[in-house]
Amino acid sequence: MEREYRINCPEGAESELREAANYLNDKMHEIREASSKAGKVLGADRIAVIAALNITHQLREAENGQVQVNSDIERLNKRVDALLEEDSQLEL
């Protein structure tokens, strides 16, 4: 939001850091626009905290979704193994 920061990052990670910074900046602008439309004026620190909380919430939702996907895959693998075992017993 109209501020530039000099931040160190591991060599080769500049592109990812730039993408993350752009994503954060976009989210902060969205929050500022939404608050302005609601007639509220928020300071940059508050906007940054709200953006950080929103992004953290999105991350947690994605992590929880991944846990569910992993659980589903494990359940399906067990089912496939059981069916293959059943099939091999029928062939004997």
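Sequential numbering of the sequence shown, starting at 22, is according to this note's numbering.
The beta carbon of each residue, even a glycine, is placed where N, CA and C say it ideally should be.
Nothing here was measured: the structure is a model prediction, and the numbers come from that model.
Residues of the same chain with a CB within less than 6 Å of the CB of Leu38, apart from the 5 flanking positions on each side, are Cys30 in chain order. Met49 is classed as buried because its beta carbon has at least 16 other beta carbons within 10 Å across all chains shown. For Lys48, the uninterrupted alpha helix (DSSP H) run begins and ends at 35-58, by DSSP.
Taking C-alpha positions only, Ala73 is separated from Ser36 by approximately 20 Å. Around the CB of Arg100, fewer than 16 other CB atoms lie within 10 Å, so the residue is classed as exposed. Secondary structure of Ile94 (DSSP, three-state): helix. The beta carbons of Leu45 and Arg53 sit about 13 Å from each other, so the pair does not count as a contact at 8 Å.
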